[in-house]
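According to the UniProt record's numbering, the sequence shown holds residues 1 to 274 in order.
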Amino acid sequence: MSYTFKKTSTTPDALARYSRLLSGVFTTTDKFTPAYLRWQYEENPMGNVVGYDAFYEGNLAGHYVTIPVRYTINGTPLKGLLSLNTATHKDHRGKGLFTKLATKTYEEATALGYDFVIGVANQNSTPGFIKKLGFYLVAPLDVKFGVGHIRYDKETTYTVQPLWTQAALQWRLANPHAAYAFNGKNMYCKTDKPFVNVLLYHDYKAADRPIQKSLSIKLWIGLANNLKTTGAFIAMPKRLKPSPLNLIFKNLNANIPKIEKQDMLFESVDFDAY
């Protein structure tokens, strides 16, 4: 088969095509609407989507995208990309399309001046990212759940952490597929489990947001050295996790040293699960 590769577009027709493909591949969610993709791909104040599409005889066969993020690494603000949506039509699987699309995406990212690509991969996709695309594993994300309070040790410093501006956080909260709540300075998202809320972000100044004073079971996913909890929280046993969530990193800038788990602050707000 001969495929044509094109940069990802954000026109209404293109978003409709991506919506059909992603919804056809990921049948357990209804989130991949054109409005959701427009929010992800075009409305991000840190920049537009960077990705590639594969076409066969004019039809969309494969799709892979990253979206811009900002991090401080060793005190220096850097431009990065979050590895995000990928889908291959069932008639075109086993052709190596994902690897080709990702490779083209990272070449484009390098040309645009991005310094790195970060992502959260499941157990099945992690080996491909590492062996074929030059990523390395930082660490599996920690998962804790329970009742009480979660806070971050203010004395702990991280050499690698996200750089969220107020505009970027406002965009993040505009996710058309999520419902958010606030308790103090903590930002939460409702999950599909009754009475379970996931902590997304720990220091949001939500003066313009309604405050929910009582939240039941809290879920925390991420990496944070010296995370503090009060009440009853436990680390989720591996056997109860549906799939390990692995934080992976690809260096596009030779000056970035290898990142270790203890270097990193990473929260649920920093990827697209909620």
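Where is the CB? At the ideal position from N, CA and C, for every residue including glycine.
Valine 49 and isoleucine 73 do not touch by the CB rule: their CB atoms are close to 23 Å apart, not below 8 Å.
Take the alpha-carbon of alanine 139 and the one of alanine 224: they are about 11 Å apart. The C-beta of aspartate 270 has 16 or more other C-beta atoms within 10 Å across all chains shown, which makes the residue buried.
Here the alpha carbons of threonine 11 and arginine 17 stand approximately 10 Å from one another. Note on geometry: alpha-carbon atoms of aspartate 91 and glycine 24 lie some 12 Å from one another. In this structure, valine 160 sits away from alanine 235, with a CB-CB distance that is not shorter than 9 Å. Per DSSP, reduced to three states, the secondary structure at arginine 151 is strand. Under DSSP, the beta-bridge partners assigned to arginine 70 are Lys79. Between tyrosine 136 and phenylalanine 249, the beta carbon gap of about 6 Å places them in contact (Cβ cut-off 8 Å). In this structure, the CA atom of valine 196 is about 13 Å from the CA atom of methionine 187. Secondary structure of isoleucine 234 (DSSP, three-state): strand.
Apart from sequence neighbours up to five positions away, the residues of its chain that approach proline 77 with a beta-carbon distance below 8 Å are Arg70, Tyr71 and Leu163, ordered along the chain. For threonine 105, the closest C-alpha among the options Asn85, Gly80, Val65 and Val120 is that of Val65.
Using a Cβ-Cβ distance cut-off of 8 Å, the region 79 to 99 and the region 117 to 127 are in contact, since at least three pairs of beta carbons, one from each stretch, lie closer than that value.
Counting every other CB atom within 10 Å of its CB across the protein chains shown gives histidine 202 a total of 16 or more, marking it as buried.
Around the C-beta of leucine 112, fewer than 16 other C-beta atoms lie within 10 Å, and the residue is accordingly described as exposed. Nearest to threonine 29 by C-alpha distance, out of Thr191, Leu97 and Asp153, is Thr191.
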